[in-house]
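The opening position of the sequence shown corresponds to residue 892 in my numbering, with each subsequent residue numbered one higher.
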Amino acid sequence: GQGPGCGQLTQGSGLPKWAVLVAGALMGAGDVIAQQLVEQRGLRGHQCPRTLKMVGIGFCFVGPVVGSWYRILDWLIPGSTKAVAVKKVILDQGAFAPCFLGCFLAVTGAVNGLSVQDNCSKIQQDYMDALMTNYCIWPPVQVANFYFVPLQHRYCCGPGAHSLSPELAAADPVPSVPRLAVVQCVAIVWNCYLSWKANRM
């Protein structure tokens, strides 16, 4: 029989379906930017199957996994103070990000048809570069993300991207929108890097 579909994943984990759709869209956008601006393939040379694969990985892997992790993180470390945000970033970047990046590279290699041996070699080649780049980008972004951005808007963000109290949400309902937009922009840039790195043979 078939395994659980993406819809079942989102239902089982309590994630809104739009969250994984946004994750897929951001992964696709990152790949398009990677192919057009970084690799300069041009429209005729654009590899549409690769973009569709990245959308699928965002939809079926990145969205459910990252979204579920944020829920777990909010459960483990509740609250929205600056101290709580720093604790969340330490746990997020110290525990989740290294595991997520390794799994992401493995999943992308498998989707690209690499053998187990070739996939392991590519992970060994790319993993530390990806992890160090992650640490250059995400920690300061995640501090702001965990402190300012409501949980329901965090699923689309990075490894690798928590919750306003009702009082803060009521007092500050609009400014979270530009903050979220900034984090989403960072996520697109990060996805562009991940797509370039994972698909570079």
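All residues carry an ideal CB built from backbone N, CA and C; glycine is no exception.
DSSP state of residue i mapped onto helix, strand, coil
i       : result
GLN938  : coil
THR1024 : helix
ARG962  : helix
ILE968  : coil
GLN931  : coil
MET1092 : coil
GLU1058 : Residue confidence is low: GLU1058 scores 40 on pLDDT, short of 50, so the model does not pin down where it sits. Its coordinate-derived value is still stated next. The answer is helix: DSSP assigns GLU1058 an H, G or I state.
Neighbourhood of residue i by C-beta, 6 Å cutoff - its chain only, sequence neighbours within 5 removed
i       : result
ASN1082 : LEU917, MET918, GLY921
SER1100 : Shown here, the chain extends from 892 to 1092; a query on residue 1100 therefore has no answer.
VAL1034 : ALA976, VAL980
MET1003 : It should be noted that the sequence gives Asn, not Met, for residue 1003. If we look at ASN1003 and ignore the five residues flanking it on each side, it has no Cβ neighbours.
GLY970  : none
HIS937  : GLN926
ASP1009 : none
Sequence-distant residues of its chain with Cβ nearer than 7 Å to residue i (five each side left out)
i      : result
TRP960 : PHE987
GLY993 : ILE1014, TYR1018
Residue-chain proximity (residue i, chain C), Cβ-Cβ < 8 Å
i       : result
ASP1020 : This model lacks chain C altogether; it includes just one protein chain.
The alpha helix (DSSP H) enclosing residue i, as first and last residue numbers
i       : result
GLY915  : 908 to 924
GLY993  : 988 to 1002
LEU1005 : Where LEU1005 is concerned, there is no enclosing alpha helix (DSSP H), given that its DSSP letter is neither H nor E.
VAL953  : No alpha helix (DSSP H) holds VAL953; DSSP gives it neither H nor E.
Close Cβ partners of residue i (< 8 Å) along its chain, the five nearest in sequence each way excluded
i       : result
GLU930  : TRP1087
ILE1079 : LEU917, ALA920, GLY921, ILE924
ILE968  : VAL975, LYS978, LYS979, LEU982
ASP1020 : LYS1088
ARG932  : GLN926, GLN938
Tell me whether the stretch 908 to 917 and the stretch 952 to 967 touch, counting them as touching only if at least three CB pairs, one residue from each stretch, are closer than 8 Å. yes
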